[in-house]
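Working notes for the structure below.
Residue numbers (the working numbering): 25 to 345.
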């Protein structure tokens with residue numbers, strides 16, 4: 025037994041000696057070309073960092089600080105703690121705007137994503153005049169929202185609008201569209217879906233063209249039909265695109281303002297009053313910048329909650345495959 029212990033100690037001593045004798049590995053130094061490329065990368069990223077810091081970081085911190093103050097622009101801010109948040113909870117206009125914004129988001133985001141995916145799948149096929157359709161679908165994205173809203177105000181005019189004329193062709197009764205509390209928010213969501221369709225469609229179209237053709241061919245050789253090929257091959261391959269479209273759509277839906285301002289100004293009967301419009305009125309009509317800042321912080325948190333919920337849904341959908 026003693027000889028065995030001595031033998032083990034000798035082996036351990038020899039191993040330690042070999043480790044000490046081995047030359048220490050040094051981290052290879054980057055070549056001059058790699059260092060130049062790194063510097064060039066940081067230089068190119070610098071404008072984006074400056075933009076994020078100046079136009080996103082600083083306003084976000086300022087809004088968070090002002091949300092705890094009573095600030096009216098022409099007088100110095102007075103610290104009031106959580107009073108702005110307490111006032112918001114008791115404000116019926118704020119509560120209505122939160123509900124309207126959530127309903128608008130729940131209408132625009134899933135329907136917009138579904139329609140954009142269907143359109144991208146159609147445009148990805150070998151149909152005639154495919155380039156023309158792509159341009160037509162993308163025109164609303166590059167058109168000013170004020171112009172879009174003005175055109176839709178005429179289309180949805182209850183008396184002389186094109187929409188009621190089309191309903192009349194099918195024997196359907198006319199609608200009041202944006203002038204009725206029952207249909208105004210849905211009409212606004214319809215315009216929002218139409219306006220944002222082109223951007224989502226372009227993203228999905230680019231992702232569809234990146235799906236590996238070998239996987240699609242293998243699925244067809246295994247006897248999969250079109251739906252099985254889409255659900256088991258195409259849909260999982262679109263995962264990153266779903267994530268990007270979902271996040272950008274949620275943020276855009278929560279920030280809807282110009283469309284509301286031009287078409288309804290929050291009416292009729294506050295049926296289209298959304299969060300950003302309420303923030304605008306509190307800040308620039310009522311000069312309650314502290315209250316408006318508290319609303320902005322609340323909206324920021326709400327957007328984060330919706331994005332996290334969307335991520336969980338996406339992970340659940342991906343794990344199903």
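Virtual Cβ for every residue (Gly too), placed ideally from N, Cα, C.
Give the single residue among 190, 232, 220 and 288 whose Cα lies nearest to the Cα of residue 207.
288
Where residue 274 sits in the DSSP three-state scheme
helix
Taking 9 Å as the threshold (C-beta atoms), are residue 320 and residue 331 in contact?
no
Near residue 180, what residues of its chain come up, given a Cβ to Cβ distance below 7 Å and the 5 sequence neighbours on each side ignored?
187, 201, 202 and 211
Can you name the residues that DSSP bridges to residue 103?
93
Please work out which residues of its chain come closer than 7 Å, Cβ to Cβ, to residue 297, disregarding the five sequence neighbours upstream and downstream, and give them in chain order.
117, 120, 121, 124 and 290
Run the CB neighbour count on residue 64, radius 10 Å, all protein chains shown included, and call it buried at 16 or more, exposed below.
exposed
Going straight from the alpha carbon of residue 263 to that of residue 274, what length do you get?
17 Å
Quick check on the burial criterion: 16 or more other C-beta atoms within 10 angstroms. Buried or exposed for residue 42?
With a pLDDT of only 48 at residue 42, under 50, the local geometry of the prediction cannot be trusted, and the value read off the model is given with reservation. Its Cβ having fewer than 16 others within 10 Å, residue 42 is exposed.
With respect to the alpha helix (DSSP H) encompassing residue 224, which residues constitute its N-terminal and C-terminal limits?
208-232
Nonlocal neighbours in the same chain, by C-beta distance under 6 Å from residue 141, ignoring five residues either side:
228
Can you tell me whether residue 322 is buried or exposed, with buried defined as 16 or more other CB within 10 angstroms of its CB?
buried
What are the boundary residues of the alpha helix (DSSP H) that residue 5 is part of?
For residue 5 there is no data in the structure shown, the boundaries of the chain being 25 and 345.
Below 8 Å, can you find three or more Cβ-Cβ pairs linking the segment 240-253 to the segment 160-167?
no
Considering only their Cβ atoms, is the gap separating residue 198 from residue 292 smaller than 9 Å?
no
For the ligand ZN, any of its heavy atoms closer than 8 Å to the Cβ of residue 205?
As far as ligands go, the structure on display features none, and thus does not contain the ligand ZN.
So residue 316 and residue 232 are in contact, right, with Cβ under 8 Å, and what is the actual spacing, rounded?
Residue 316 to residue 232, Cβ: 42 Å. No contact.
Residue 311 versus 58, 75, 62 and 94, residue with shortest Cα-Cα distance:
94
To the nearest angstrom, report how far apart residue 55 and residue 268 are at their CA atoms.
36 Å
Excluding the 5 residues preceding and the 5 following residue 255 in the sequence, name in chain order all residues of the same chain whose CB lies nearer than 7 Å to its CB.
none
Please classify residue 280 as buried or exposed, where buried requires at least 16 other C-beta atoms within 10 Å of its C-beta.
buried
Mapping the DSSP letters down to three states, classify residue 311 as helix, strand or coil.
coil
Under the rule that 16 or more other beta-carbon atoms within 10 Å means buried, what is residue 265, buried or exposed?
buried
Would you kindly work out how many angstroms separate the C-alpha atoms of residue 239 and residue 252, rounded to a whole number?
12 Å
For residue 72, count the other beta carbons within 10 Å of its own beta carbon; 16 or more makes it buried, fewer makes it exposed. Which is it?
exposed
Hey, how far is the Cα of residue 333 from the Cα of residue 327?
10 Å
Between which two residues does the alpha helix (DSSP H) holding residue 156 run?
154-166
C-alpha gap between residue 309 and residue 234, whole angstroms:
49 Å
From residue 146 to residue 98, what does the alpha carbon distance come to, in whole angstroms?
56 Å
Hey, quick one: how far does the alpha helix (DSSP H) through residue 297 stretch, first residue to last?
Run containing residue 297: none; DSSP gives neither H nor E here.
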